[in-house]
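Protein chains in written order, with this note's numbering: chain Y, 7 to 181; chain G, 7 to 181; chain A, 7 to 181. All C-beta atoms, glycine included, are put in the ideal place defined by N, C-alpha and C. As the structure is a prediction and not an experimental result, all values here were calculated from the model.
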Amino acid sequence: MTIRIGIVTISDRASTGVYEDLSGPAIRDTINAYLKSPWDEVCRVIPDEQPVIEAALRVLCDEEGCCLVLTTGGTGPARRDVTPEATAAVCDKIMDGFGEQMRAVSLKFVPTAILSRQIAGIRGQSLIINLPGKPKSIRECLDAVFPAVPYCVDLIGGPFMETNEDVVKAFRPKG
Amino acid sequence: MTIRIGIVTISDRASTGVYEDLSGPAIRDTINAYLKSPWDEVCRVIPDEQPVIEAALRVLCDEEGCCLVLTTGGTGPARRDVTPEATAAVCDKIMDGFGEQMRAVSLKFVPTAILSRQIAGIRGQSLIINLPGKPKSIRECLDAVFPAVPYCVDLIGGPFMETNEDVVKAFRPKG
Amino acid sequence: MTIRIGIVTISDRASTGVYEDLSGPAIRDTINAYLKSPWDEVCRVIPDEQPVIEAALRVLCDEEGCCLVLTTGGTGPARRDVTPEATAAVCDKIMDGFGEQMRAVSLKFVPTAILSRQIAGIRGQSLIINLPGKPKSIRECLDAVFPAVPYCVDLIGGPFMETNEDVVKAFRPKG
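Printed below as a string of structure tokens:
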């Protein structure tokens, strides 16, 4: 089974070309560092519009066959920040532990980490995780949760992900 | 007032006898170690079916008069894991602090603790808490939250629970 | 833009005068210590009735123009505790990080912190935060989350809040 991973940059400005998307590439570089298994990326850069985000997530999960979809941007308290709402709308199950853990880790760096509304959830056989907008914070969050990602993908019927153990150690409970 | 505690093992395999239920007995042993007050158990072993779980929780709370109902199993990301959904469906109030604290404690042992979707909530005069499936993790989670359980049961109008203070110390704020 | 802050004491007993409201004044004293900017308070003392709480929150946000509304009381597991439900009902966005962080901090003092169902959320251009009932716990919770409050208010289009940096340091990320 091929490992396909969706990377969705959600930003009004990046989607209209007002500024360059640095967050999507930061996710790609991180996953390249993490994964020993070969993987394909499916990228999107879209505006902060809930129906557009929902549609992109559905396509990546259901048609593109991504076992993991990573979003960046749109998780704050501002009016245009609707990524968590879009994610919740398309997911069957919400995984509260991801948001809790990502905020707990970000709090070690900035007290404004509590303003992030990042969530994660399961849609069919795909795990969707909201990441922050800033490349530095993206890496901090992924480092915190990625050890649990391969086992989660196993549990929902996805492909076996092998990691570079010197970078990130996937944990799979015995028995 | 008698202390009645419900213990619900939620597992397709245990409910059909494919394997022995070790989790329900682990909960019973833990509560025996914790409680100085006499208590009665009301046990169920049922499959991972949301309507069946909801029905069992309703009976234990409303008819059996359990002030505390402890479930084990069915809290992960897999398709058949629906214990949190069934719990939320029958509860009046969700107590987010229990899930947060149980995951935080389990995280000290395994990074996959973030995959647990355990919740707790109030139905009428009963506190329902989802526990993990593995006996070792059950004890870790109960150790983390049980000090707050007797006071919670006080607040919802249940019986007074006295604990063995050398095993677990119930905390009741003064005034 | 004037800084207006709502302070809502939610308590059956305080609202009927059975006992003196100590929690509202504790919030006022804390904000006086925190803020260098001048601010006006809008106070309410109301019973634990969900429609009454919702109405008070709507008035403070929409008519009184409070950029920040702080509630105290009504966040426990008891039947009359409905402050989180009222808050969720009037908010556009729930900010899970506030509740998580306040419980994590309170847990350092009392194991019953997990019984608090405090939440925070955004309604239009207002941030609403549920605080505990006890003056001592109010200060502990506000100390934990206030560094992120001025930036949150910036992001939702509210007035610029300047803090007394020797008491609490507002954090605003660069760029």
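Supposed close pair residue i, residue j - CB separation, criterion 8 Å
i	j	result
G/Lys99	G/Ile128	4 Å
Y/Arg178	Y/Asp160	7 Å
Y/Ala126	Y/Ile120	With 8 Å as the limit, Y/Ala126 and Y/Ile120 do not qualify as a contact, their Cβ atoms being about 17 Å apart.
A/Ala32	A/Ile144	5 Å
Y/Val88	Y/Ile59	7 Å
Y/Arg86	Y/Asp18	7 Å
G/Pro153	G/Met167	G/Pro153 to G/Met167, Cβ: 11 Å. No contact.
Y/Gly164	Y/Gln131	6 Å
G/Arg34	G/Glu47	6 Å
A/Glu146	A/Val111	6 Å
Endpoints, alpha helix (DSSP H) assigned at residue i
i	result
Y/Ile144	Pro141 to Val151
G/Ala94	Thr89 to Val96
Y/Asn38	Ser29 to Tyr40
G/Cys158	Val155 to Leu161
G/Glu47	Not the alpha helix (DSSP H): G/Glu47 falls in the beta strand (DSSP E), residues Trp45 to Ile52.
G/Val111	Asp102 to Ser112
Y/Ala126	Careful: Y/Ala126 lies outside any alpha helix (DSSP H), inside the beta strand (DSSP E) at Ala126 to Arg129.
Y/Leu63	Gln56 to Arg64
G/Arg86	Where G/Arg86 is concerned, there is no enclosing alpha helix (DSSP H), given that its DSSP letter is neither H nor E.
G/Arg10	No alpha helix (DSSP H) contains G/Arg10, which is instead part of the beta strand (DSSP E) from Ile9 to Ile16.
Residue i burial status per 10 Å Cβ neighbour count (16 or more: buried)
i	result
Y/Tyr40	buried
G/Gly103	buried
G/Val14	buried
G/Glu26	exposed
A/Arg109	buried
A/Val151	buried
Y/Thr36	buried
Y/Pro57	exposed
G/Pro90	buried
G/Thr93	buried
Beta strand (DSSP E) segment containing residue i, residue limits
i	result
Y/Leu74	Leu74 to Thr78
Y/Ser122	First-last for Y/Ser122: undefined, no H or E at that position.
A/Ser132	Ser132 to Leu137
Cβ-heavy atom distance, residue i to the ligand PLP, below 7 Å
i	result
Y/Pro57	The model on display carries no ligand, and the ligand PLP is accordingly not part of it.
Subject >> Inter-stretch contact (C-beta, 8 Å, three-pair minimum) for the region 62 to 80 of chain G and the region 9 to 20 of chain G >> reply: yes
Original post:
Using 8 Å as the threshold, is the region 106 to 116 of chain A in touch with the region 47 to 59 of chain A, meaning 3 or more CB pairs across them?
Top reply: no
Original post:
How do the region 160 to 172 of chain G and the region 124 to 138 of chain A stand: do at least 3 beta-carbon pairs fall below 8 Å, yes or no?
Top reply: no
**OP:** Would you check if there are 3 or more beta carbon pairs closer than 8 Å linking the region 78 to 85 of chain G to the region 68 to 88 of chain Y?
**Re:** no
**OP:** Using a Cβ-Cβ cut-off of less than 7 Å, give me the residues of the region 95 to 115 of chain G that come near chain C, in sequence order.
**Re:** No chain C appears in this structure, whose protein chains are Y, G and A.
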